[in-house]
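Trainee: Before anything else, here's the structure in question.
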Amino acid sequence: MKTIYNCHTHIFTNKAVPSKFLPLGLVRFLGKRRVSRWLGRLLNRLNPRSSNDVFDRAASFMNIGNYESQLEIFKLLKGFYPEETKFVVLSMDMTYMEAKRIRYVSLIDPWAKRHE
310 MKTIYNCHTH IFTNKAVPSK FLPLGLVRFL GKRRVSRWLG RLLNRLNPRS SNDVFDRAAS
370 FMNIGNYESQ LEIFKLLKGF YPEETKFVVL SMDMTYMEAK RIRYVSLIDP WAKRHE
């Protein structure tokens, strides 16, 4: 089988999302595991006949963002691909959006160290 190259994926947790990304303090509110799970279930039920609508994607985004680390999210992503798949993980510097909760360098350090 030919090797698959996923050349565009972003992997980050809710900790990296700037607090001003959404209005009214919603980032911190939705970043709570209990809240995002509840809202995710609600969003999934809004259109029960669809398995790929905007509500499902929003629910997945919130739930996956609550994983403890980028590595956990990467392992989840890898499970959807054949073993020999190669990935290009793109970083996002959200400093310009006043991302003060986590430093950009701390997002890319774990990936750089894995490939030294």
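Residues 310 to 425 in this note's numbering are what the sequence shown spells out, letter by letter. Note that beta-carbon positions come from the ideal geometry of N, C-alpha and C, so glycine has one too.
Can you grab the Cα-Cα spacing for the pair E425 / V398, in whole Å?
Mentor: Per-residue confidence for E425 stands at a pLDDT of 49, beneath the threshold of 50, marking its modelled position as unreliable; no derived number is given.
Trainee: What three-state label does DSSP hand V344 in the structure shown?
Mentor: Here V344 sits in helix by DSSP.
Trainee: Check whether the region 341-348 touches the region 382-402, counting contact only when three or more Cβ pairs, one atom from each stretch, lie closer than 8 Å.
Mentor: No: fewer than three Cβ pairs fall under 8 Å.
Trainee: Would you report the Cα separation of P357 and F370, rounded to the nearest angstrom?
Mentor: Rounded to whole angstroms, P357 to F370 spans 18 Å at the Cα level.
Trainee: Who are the near neighbours of I313 in its chain, counting only those whose CB is closer than 7 Å to its CB and skipping five residues on each side?
Mentor: Y390, P391 and T394.
Trainee: Rounded to a whole number of angstroms, what is the C-alpha to C-alpha distance between D418 and F383?
Mentor: Cα to Cα, the separation comes out at about 15 Å.
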